[in-house]
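Here the structure comes first, spelled out in structure tokens, and everything after it is commentary.
So this is what it looks like as structure tokens:
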């Protein structure tokens, strides 16, 4: 990782600046001795890669994701906007992704070579730099967490589920008024499917007016609520591997929608 950060530094002065960086003097514990090196590697990232990397903190530790799925999320969040290049956004996103891999910020899965993940320590690094705008938790954690004040500033969130979702589980998300990404993440056996009622889904979406990304995969839902058409900022919508048979006409009102993913639907 550190070698990747310095590979384009040709001047001795640039190497000396790195050697003399104050990050080396930060106090460490037995568990984070490697973090100064990782922080320096992050400092040397181009600005356009820093946003892409820190966004990955929305996923839980050890979560594996395919390249194209992550790139589409970056595009939906506008991380690739304003770049002066002749490449289309998908190609540009692939380049960003490959660069993060080459710098060891993302690593290929040892189980499924089509997927990638972040090392646990890099997950901790992302969390330390994103300033509380990413939030990831599951049913049991929300049930015992009484302090939701800090959630109001969250921009990107995931909810980790194993079986079913109740309105109580998702209630804190209703207060995330400026939330831009919400990704429901499945854990456990691959055959598991999420049980979520129409009312719970409706109440959730009506409170999140600024969503750009909404991913609800592997769910036992038959219909998408009409209120989805009111999410005027929505750019990415993923209902893969659900029981959806048709989409509401209000989907046509989503004038900014870029990606509608319905793989494995009935």
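In the numbering used here, the protein residues as written are 11 to 276. Heads up, the beta-carbon is just placed ideally off N, CA and C, and yes, glycines get one too.
Whole angstroms is fine: what's the gap from residue i's alpha carbon to residue j's?
| i | j | result |
| --- | --- | --- |
| residue 79 | residue 73 | 13 Å |
| residue 180 | residue 214 | 7 Å |
| residue 257 | residue 165 | 27 Å |
| residue 264 | residue 246 | 10 Å |
| residue 156 | residue 61 | Confidence at residue 156 is low in this model, with a pLDDT of 43, below 50, so the placement of that residue is unreliable and no value is reported for it. |
| residue 270 | residue 112 | 30 Å |
| residue 134 | residue 77 | 21 Å |
| residue 243 | residue 266 | 6 Å |
| residue 65 | residue 140 | 8 Å |
| residue 138 | residue 146 | 14 Å |
| residue 203 | residue 254 | 13 Å |
| residue 236 | residue 211 | 11 Å |
| residue 207 | residue 233 | 10 Å |
| residue 107 | residue 224 | 21 Å |
| residue 151 | residue 195 | Legend: pLDDT at residue 151 = 48, less than 50; position of this residue unreliable, value from coordinates given subsequently. If you take the alpha carbons of residue 151 and residue 195, they lie about 15 Å apart. |
| residue 128 | residue 231 | 31 Å |
Taking DSSP as the reference, what is the three-state secondary structure of residue i?
| i | result |
| --- | --- |
| residue 203 | coil |
| residue 236 | helix |
| residue 223 | strand |
| residue 269 | strand |
| residue 250 | coil |
| residue 164 | coil |
| residue 125 | strand |
| residue 179 | helix |
| residue 75 | strand |
| residue 241 | coil |
| residue 322 | Outside the modelled stretch of the chain, which goes from 11 to 276, sits residue 322, for which no answer is possible. |
| residue 97 | coil |
| residue 155 | The pLDDT assigned to residue 155 is 48, lower than 50, so where the model puts this residue is not dependable; a value taken from the coordinates is nonetheless given after this. DSSP places residue 155 in coil when its eight states are reduced to three. |
| residue 196 | strand |
| residue 229 | strand |
| residue 63 | helix |
| residue 120 | coil |
Can you check which of these residues, the options, is closest to residue i by C-alpha distance?
| i | options | result |
| --- | --- | --- |
| residue 83 | 259, 236, 209 and 100 | 100 |
| residue 216 | 233, 48 and 185 | 185 |
| residue 105 | 90, 189, 161 and 122 | 90 |
| residue 81 | 276, 268 and 189 | 268 |
| residue 192 | 144, 250, 55 and 107 | 144 |
| residue 188 | 129, 241 and 130 | 241 |
| residue 229 | 252, 96 and 47 | 252 |
Which word fits residue i, buried or exposed, when buried means at least 16 other C-beta atoms lie within 10 angstroms of its C-beta?
| i | result |
| --- | --- |
| residue 168 | buried |
| residue 67 | buried |
| residue 142 | exposed |
| residue 92 | exposed |
| residue 262 | exposed |
| residue 182 | buried |
| residue 54 | buried |
| residue 98 | exposed |
| residue 103 | buried |
With hydrogens ignored, establish whether the beta-carbon of residue i is closer than 8 Å to any heavy atom of the ligand ZN.
| i | result |
| --- | --- |
| residue 64 | In the structure on display, the ligand ZN does not appear, and there are no ligands present to speak of. |
So, under 8 Å CB-CB, residue i and residue j are touching, yes? Tell me the CB distance rounded to an integer number of Å.
| i | j | result |
| --- | --- | --- |
| residue 86 | residue 222 | 5 Å |
| residue 63 | residue 115 | 5 Å |
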